[in-house]
Structure formats: C-alpha cells, structure tokens
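Q: Residue numbers (the working numbering): 338 to 667.
#1: Should the stretch 588 to 608 be called in touch with the stretch 531 to 546, which here means at least 3 C-beta pairs below 8 Å?
#2: Go through its chain and collect everything with a Cβ distance to residue 468's Cβ below 6 Å, but skip five positions before and after it.
#3: Are the stretch 496 to 510 and the stretch 449 to 468 touching by the rule of at least three beta carbon pairs closer than 8 Å?
#4: Taking the alpha-carbon of residue 587 as reference, which of 563, 547, 418 has the nearest alpha-carbon?
#5: Please report the Cβ distance between residue 502 and residue 567, rounded to the nearest whole angstrom; I am assuming they are in contact, meaning their Cβ atoms lie under 8 Å.
#6: Determine the direct distance from the alpha carbon of residue 445 to that of residue 423, and round the result to whole angstroms.
#7: With DSSP as the reference, please indicate the residues paired to residue 471 in a beta bridge.
#8: Classify residue 589 as helix, strand or coil using the three-state DSSP reduction.
#9: Pick from 609, 439, 579, 564: whose alpha carbon is nearest that of residue 619?
#10: For the stretch 552 to 599, which segments carrying the beta strand (DSSP E) assignment without a break, of at least 3 residues, lie completely within its bounds, in sequence order?
#11: Between 601, 608, 429, 384, which lies nearest to residue 553 when the distance is taken from Cα to Cα?
#12: DSSP three-state label for residue 519, please.
#13: Is the Cβ-Cβ distance between residue 562 and residue 531 less than 9 Å?
#14: If we require 3 or more residues per run, which beta strand (DSSP E) segments fall completely within the stretch 385 to 422?
#15: Are three or more beta carbon pairs between the stretch 374 to 384 and the stretch 423 to 441 nearer than 8 Å?
#16: When the Cα of residue 526 is compared with those of 338, 550, 504, 343, which residue comes out closest?
#17: Report the rounded CA-to-CA distance for residue 545 versus residue 470, giving the unit in angstroms.
#18: With DSSP run on the structure shown, which of helix, strand or coil describes residue 377?
#19: I'd like the list of long-range same chain contacts for residue 396, defined as Cβ closer than 6 Å, with 5 residues on each side in sequence excluded.
#20: Sort 577, 571, 573 by Cα distance to residue 555 and report the nearest one.
#21: Starting from the Cα of residue 439, find the closest Cα among 528, 364, 573 and give me that residue.
#22: Among residues of its own chain, excluding the 5 on either side of residue 582, which ones have a beta-carbon nearer than 6 Å to its beta-carbon?
#23: Among all the DSSP beta bridges, which residues are the ones paired with residue 372?
#24: Closest by CA to residue 372, which one among 435, 403, 472, 514?
#25: Helix, strand or coil: which one does DSSP assign to residue 498?
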C-alpha cells in the first residue's frame, strides 16, 4: 500500500498550503504486505502539476517483508503558478507484487506583493523600500546605500494577505556575501524596521536595525510575520552575521494591559553573531466568555448577596438610620 502525507506537525488542512515560488514537503510511505523482501519502484504522475515541480520523478525502495519504508518528496511551485488546488499520484510497482498508488493534494496561494533584489559588483548603490498592509498588520521600511564591492546583496519581500496554513503573511529575506570597502570613506549603511501594531490586531512588535559597516563577510537574515493561518499572531526574526563596523538592533513588544518588553544591542568592532527573536500575541485570539456557561456564571454573580458593610452594633444602627433618612427624603 502507498500513503502520501504532508511532512511536519499539525493537521493535514493547515499543512496543505504553499505560496507561489515556495516548497512543500510530502512523506511517501510504502508498506510491503507480502512475505518476502521487495524492491518497489516509485513513480510520480500528475495532470495538473508541471513535472519539474517535483524533486524526483522515479525512485526505488527496498522494503522487508511486512515492513514499511518512507522517503520525502519536495514539491516546489513556480512564482507564476495559478492559485488553486493541485494533485498528483505516486505509483509503486514491483516485479512480484500487485501495484498500488496514493494521492497527494495541496493548494497554491497567490502572492499579493513580491519584490526581489539581487546585485553584484563594484560602485555605489542605494535602495529604498516601504511596504505597508493593514490586512496583514505589517509595516516594513528599508533604506540602504553602499559604496564599495560586493559579491552578492539580496533584499526580498513577499506579502500574502489572508495567508493560510503555516505560510507567513509577510516574509523578508536578506543576504550579503563578501562586502568590502574599496576606497577610504566607503561603507555599507542601512536602516531597516519591521512593525506589527497590536492596535490593528498585530503582534505588537517593532524591530529596528541600523548599521555602518566597512566589511561584511556574510549575512543571512529573515523576518516572518503570521497574522492569519495556523501560526497567526506570531513573528520571528533570525540573523547570522560576520562584520566589521557598527551594528545596532532594537526590539520591542507592547501589548496594552498585558506585557511590555524591550531589547537593545550595539556592536562596534569585528563580530560574528547569531540572533533569534520570537514575538507572539496569543491573547488577541482568545475568545471572550460567551455562551450558556458564561450566562450561568453571570447570573450566579448577580444573585450572590453582597456582604454587609459592617458587623458591629453601632455600625448597624448608623446604617439603619442612614437608610431611614434616605427613604424619608424621597
């Protein structure tokens, strides 16, 4: 028998989504119900997906008698793939056994915005990006300029309003490979910020970066914001850098009435750093108390007698006199 399932934790519904240009991993499991070892030949076929979406089209598995063996299959959609539902079949055949097949299903979500920048060379360069989405609760700004030489500099942003599954609503991917100042005064200078306000239903986080570098051997950085989907109300920032110069990172999270956190770091010199920050705002999704149970609780609170304001004899007498005076004044 052949079983096709999505890899990773969580239910099949939340895992069966990918955005244009992204990948989704499936687990192909084949069970040998016979009494002897077999070599199963696995083949991929689909009427809807281009075959170059699949990491492999034919593989073999040696499966012992009564055993099960699995292997992963990566499905990578094109950046211009049409949004909608797709499926594919995995056929398992063997010279001494009956062939079997399993089906895999997934949905492609369309990008609402995509901006990809990749440069390489020597000279001067300036980049300014500003992304703002009320639906995804994000505001991102980047102002970068450099003079010198770089093997590769990458600044990519992707936006999917109403994203489903484990796909982020907003994703930023940054990379630098071997930047060097060539002449005196050359530098790689930048100011970048990400903000998701709790007032507009976001995670209440703000992250700012500022840098002035003479050399950067490498940078690998990402920022993912989940406003909807199975990971909603969460954001993650990760960076790994090797540089010489000044670098600052300032991270804050403010959720009115719940919590307020702040971090600030400054580096001046030559450093190699690895940094990860996770923000969550689970309280924004917790439902208010409604329904029969809450109604009964409210009624019991209303029927519960309030304690007498005082217990001494003189206090009781004063209270009774005050009540009588109030009645006569009506």
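Yeah, the Cβ is synthetic: ideal placement off N, Cα and C, and Gly gets one too.
A: Here's the rundown:
#1: yes
#2: 477, 494
#3: yes
#4: 547
#5: 6 Å
#6: 8 Å
#7: According to DSSP, residue 471 bridges with nothing at all.
#8: strand
#9: 564
#10: 571 to 592
#11: 608
#12: coil
#13: yes
#14: 395 to 400, 405 to 413
#15: yes
#16: 550
#17: 18 Å
#18: strand
#19: 379
#20: 577
#21: 364
#22: 549, 550, 551
#23: Answer by DSSP bridge pairing: none, since residue 372 is not bridged.
#24: 403
#25: coil
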